[in-house]
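Chemist:
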Amino acid sequence: MRNSIVLTFASVLLLLWFCFLPHNRQWFNQRIIGYWNDFLIQKNDLTIEHRKVKRWEESYTVSKQITNLLPEGTDSSKVLVLLPPSAYFKERKINYHVPEPAVFYYYTGLKTTWINSAEALKANWMVTADNGSLKLVPVSDQKILLDSINAFKKYPVDL
Amino acid sequence: MMQLLIAISLLILQFIAGFGVLCLLKIYLKPGLFISLSVLIGVAVFSFVPFALQLAYITLTAFNVFAALIAVSFLLNLKSKNGFVYLVQSLRSYRFQWRLYEIPSLFLILFMVFVSVWRCYYYPPTPRDLTSGAEVIAEYAVKEKTMINSVFTVDLSTTNNQFKPPFLTCLQIIYKYAGFPFGQVWLSGVFIFFTLFLYSALNEKLHKIITGLLLVMFIAIPEMYGYTIMALFDYSNAVFFCLSVYFLIEYFANGKSGYIILSGVLMAIAVYVRSETLILAGLVLPVILFHHWRKNNFSKFFKTAACFFLPSVLIYLLSITIYINYYLPTLYKIDSLLNTNLANLNLFYQRISDVAGKYLLAGNILDHYGYFTFIFVIVLCADAFRKNSWNQVSLNWLWAIFIIFIGISLIGFLFPLYDLDHSTKRGLLKIFPLMLLYMANSGFLVSISEDIKKWERS
Numbered sequence: 027m028r029n030s031i032v033l034t035f036a037s038v039l040l041l042l043w044f045c046f047l048p049h050n051r052q053w054f055n056q057r058i059i060g061y062w063n064d065f066l067i068q069k070n071d072l073t074i075e076h077r078k079v080k081r082w083e084e085s086y087t088v089s090k091q092i093t094n095l096l097p098e099g100t101d102s103s104k105v106l107v108l109l110p111p112s113a114y115f116k117e118r119k120i121n122y123h124v125p126e127p128a129v130f131y132y133y134t135g136l137k138t139t140w141i142n143s144a145e146a147l148k149a150n151w152m153v154t155a156d157n158g159s160l161k162l163v164p165v166s167d168q169k170i171l172l173d174s175i176n177a178f179k180k181y182p183v184d185l
Numbered sequence: 006m007m008q009l010l011i012a013i014s015l016l017i018l019q020f021i022a023g024f025g026v027l028c029l030l031k032i033y034l035k036p037g038l039f040i041s042l043s044v045l046i047g048v049a050v051f052s053f054v055p056f057a058l059q060l061a062y063i064t065l066t067a068f069n070v071f072a073a074l075i076a077v078s079f080l081l082n083l084k085s086k087n088g089f090v091y092l093v094q095s096l097r098s099y100r101f102q103w104r105l106y107e108i109p110s111l112f113l114i115l116f117m118v119f120v121s122v123w124r125c126y127y128y129p130p131t132p133r134d135l136t137s138g139a140e141v142i143a144e145y146a147v148k149e150k151t152m153i154n155s156v157f158t159v160d161l162s163t164t165n166n167q168f169k170p171p172f173l174t175c176l177q178i179i180y181k182y183a184g185f186p187f188g189q190v191w192l193s194g195v196f197i198f199f200t201l202f203l204y205s206a207l208n209e210k211l212h213k214i215i216t217g218l219l220l221v222m223f224i225a226i227p228e229m230y231g232y233t234i235m236a237l238f239d240y241s242n243a244v245f246f247c248l249s250v251y252f253l254i255e256y257f258a259n260g261k262s263g264y265i266i267l268s269g270v271l272m273a274i275a276v277y278v279r280s281e282t283l284i285l286a287g288l289v290l291p292v293i294l295f296h297h298w299r300k301n302n303f304s305k306f307f308k309t310a311a312c313f314f315l316p317s318v319l320i321y322l323l324s325i326t327i328y329i330n331y332y333l334p335t336l337y338k339i340d341s342l343l344n345t346n347l348a349n350l351n352l353f354y355q356r357i358s359d360v361a362g363k364y365l366l367a368g369n370i371l372d373h374y375g376y377f378t379f380i381f382v383i384v385l386c387a388d389a390f391r392k393n394s395w396n397q398v399s400l401n402w403l404w405a406i407f408i409i410f411i412g413i414s415l416i417g418f419l420f421p422l423y424d425l426d427h428s429t430k431r432g433l434l435k436i437f438p439l440m441l442l443y444m445a446n447s448g449f450l451v452s453i454s455e456d457i458k459k460w461e462r463s
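One line per chain: the protein sequences are C and F, in this order.
Taken in order, the first sequence gives residues 27 to 185; the numbers are from my numbering.
Taken in order, the second sequence gives residues 6 to 463; the numbers are from my numbering.
1) Determine which residues of the region 450-462 of chain F have a Cβ less than 9 Å from any Cβ of chain C, and write them out in chain order.
2) Answer with yes or no whether the minimum CB distance from residue 375 of chain F to chain C is below 8 Å.
3) Determine which residues of the region 151-162 of chain F have a Cβ less than 9 Å from any Cβ of chain C, and write them out in chain order.
4) So is residue 423 of chain F in contact with chain C if we call contact Cβ pairs under 8 Å?
5) Which ranges would you report for the alpha helix (DSSP H) in the region 142-181 of chain C if only whole runs of at least 4 residues count?
6) So is residue 219 of chain F buried or exposed if we call it buried at 16+ other beta carbons inside 10 Å?
7) Expressed to the nearest angstrom, what Euclidean distance is found between the alpha-carbon atoms of residue 93 of chain C and residue 149 of chain F?
8) Residue 171 of chain C CB to nearest chain F CB: under 8 Å?
9) If you measure from the beta carbon of residue 17 of chain C to each beta carbon in chain F, is any gap under 8 Å?
10) Give the secondary structure of residue 107 of chain C by DSSP, where H, G and I count as helix, E and B as strand, and everything else as coil.
11) Say whether chain F places a C-beta atom closer than 8 Å to the C-beta of residue 58 of chain C.
12) Report the start-end ranges of each alpha helix (DSSP H) in the region 108-163 of chain F that is 4 residues or longer and not cut off at the edges.
13) Give the list of continuous beta strand (DSSP E) stretches no shorter than 3 residues that lie fully inside the region 61-111 of chain C.
14) Expressed to the nearest angstrom, what Euclidean distance is found between the alpha-carbon atoms of residue 48 of chain C and residue 177 of chain C?
15) Between the region 276-295 of chain F and the region 309-326 of chain F, do three or more beta carbon pairs fall short of 8 Å?
16) With 8 Å set as the bound, which would you pick, yes or no: does the beta-carbon of residue 162 of chain C sit closer than that to a beta-carbon of chain F?
17) Can you tell me the Cα-Cα spacing of residue 29 of chain F and residue 204 of chain F, whole angstroms?
18) Which class does residue 395 of chain F belong to by DSSP, given the choice of helix, strand or coil?
19) For chain C, check one thing: does any of its Cβ atoms lie closer than 8 Å to the Cβ of residue 116 of chain F?
20) Considering only C-alpha positions, which residue in the set F:258, F:324, F:255 is nearest to residue 281 of chain F?
21) Beta-carbon separation of residue 410 of chain F and residue 436 of chain F under 8 Å?
22) Please determine, among F:231, F:414, F:254, the residue with the shortest C-alpha to C-alpha distance to residue 206 of chain F.
23) Report buried or exposed for residue 137 of chain F, applying the criterion of at least 16 other Cβ atoms within 10 angstroms of its Cβ.
24) Exposed or buried, residue 251 of chain F, counting other C-beta atoms within 10 Å across all chains shown (16 or more means buried)?
25) Which residues mark the beginning and the end of the alpha helix (DSSP H) in which residue 66 of chain F is found?
26) Run through chain F and tell me which residues come within less than 8 Å of residue 186 of chain C, C-beta to C-beta.
27) For residue 138 of chain C, which of helix, strand or coil comes out of DSSP?
28) Could you check the C-alpha separation between residue 418 of chain F and residue 442 of chain F for me, to the nearest Å?
29) Which residue spans inside the region 214-270 of chain F form an unbroken alpha helix (DSSP H) run of at least 4?
30) Residues of the region 178-203 of chain F in Cβ contact with chain C at a cutoff of 8 Å, in chain order, please.
31) Take the Cβ of residue 383 of chain F as the centre, count every other Cβ of all protein chains shown within 10 Å, and call the residue buried at 16 or more, exposed below.
32) Please report the Cβ distance between residue 142 of chain F and residue 167 of chain F, rounded to the nearest whole angstrom; I am assuming they are in contact, meaning their Cβ atoms lie under 8 Å.
33) For residue 353 of chain F, which residues from the same chain have a beta carbon less than 6 Å from its beta carbon, with the 5 sequence-adjacent residues on both sides left out?
34) Using the Cα positions of residue 53 of chain C and residue 440 of chain F, report the straight-line distance between them to the nearest angstrom.
35) Below 8 Å between beta carbons: does that hold for residue 117 of chain F and residue 58 of chain C?
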């Protein structure tokens, strides 16, 4: 029994030594203790929407907002929305990291396209932003669409 | 509470399926290894069932998927009577003895596991590799009852993730149908039972105080731990690759055909998770050749190599060549991803140098992999300087580590898309369970363990 207690003491010391190594100390604090503290708050709100918003943040909420701008009665399966790059929104004071089309579809069920895609010319709606507010406008003229794509091209496209 | 019960029910069904596979191969292990391995193989069986239904153009309704899972799980157990008797007997004779000194490390491990499981359950999938591929396909597969769904009508010019093998998609479909809107919970099953497997494997030769400490060090590898929370391909890939090597080394020791078949099947699962693992499987073949050459049993090499390598080739053909070319509505030319300048080996040497210099031995090592590699190097040096430290098993594990080190660099050389900062960094996760199991067989640590055991008994 005495040996067992000595080994237990040794085990605790070794674990403490490992946990308090300079880099590990920070990691344990941020990841293990930090996540434990998150758990204590998270367990009180298990709604699916809340969890999505917490995880995906503006990328999700703004995407949902854009989808909600679609007029009622529009057949969303026939909609293809042209999304400007993230830098365009940033310049207009909207913190929105534009998700790529597959992810946008996952978030909202709406099909989108980017300015550097061959699909861009097929877009029948496009998003614009001004003074922090978003607009979803129908593409009435192919020339306007082409001009808009060219105008958006001054912003870098990144994933 | 209901979700917990469902998760446990799925784990039990996975155990039944995996148990059946082990019994078919007449592989009977100690309870800790047997149970954990059964669940892990069960997860792999599950991941194949919706894919098989899809290949047969059977609609992926909840009823079809769960009926198929139950049917497969029980069909695999038609010859499990002996295995069942063996497991009951070994559980009866098994004495669960908790030593006081195990408790601190077990407590810490359980705490880390709980935090990971909770976060994995709570948050939706995050990595874009998942949300732009397997996850979005799974989400719409549940809505449209097929994996070849409206996602393929979306503008997919920004991604090639829809072409990844369907391992993750299938598990996500099953868990979404089971009532987990974000799926992912299967990953916690893989994490828990792989940890149990490693704990049992380490305990075979090491003292429990060393086992506990090594396992804490392993779980606390930052990048590795992160991927027990976020579902992606690489953690599961590392698990099945490690298990394959484990049974290959067991086969080298006992020569039983069931072990080499299981090793081949597990490698095939690793290929099913990440297709480029086929290259690593190919790199293992010289080790098999060397084994038979050393035993002057060269004629057996072809049979062993076929058992080991053919399942991987078959699963690659099925999940990549056939599925992508004949099922998916969009084209994907994998040969177009190949490096066109293979004669320029400088890129290969550069990748080896980057892997070692930026990730494994220096650079950002602490941010990504913590102190684990340093611990491994210390143990390796202790073995090198200590007399009679090497044994066949530890040398085999060392070979496996070398294969990953060279193999991951080779994959990066062959496929430029397999970049250093993402794919290679995650691909290196495969090396850590191998390092851990090398340490489990290290002459130096085994000798310390023996000394502690002697002192404990005195």
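Heads up, the beta-carbon is just placed ideally off N, CA and C, and yes, glycines get one too.
Only a predicted model underlies this, so the values are computations on that prediction, with no experimental measurement involved.
Modeler: The answer reads as follows:
1) 457, 460, 461, 462
2) yes
3) 155, 156, 158, 159, 160, 161, 162
4) no
5) 168-178
6) buried
7) 21 Å
8) no
9) Examination of residue 17 of chain C is not possible in this model, given that chain C is present from 27 through 185 alone.
10) strand
11) yes
12) 108-127, 140-149
13) 106-109
14) 50 Å
15) yes
16) no
17) 25 Å
18) coil
19) yes
20) F:324
21) yes
22) F:254
23) buried
24) buried
25) No alpha helix (DSSP H) holds residue 66 of chain F; DSSP gives it neither H nor E.
26) The requested residue 186 of chain C is not part of the displayed model; chain C covers only 27 to 185.
27) strand
28) 28 Å
29) 227-234, 238-259
30) 186, 187
31) exposed
32) 6 Å
33) 418
34) 21 Å
35) yes
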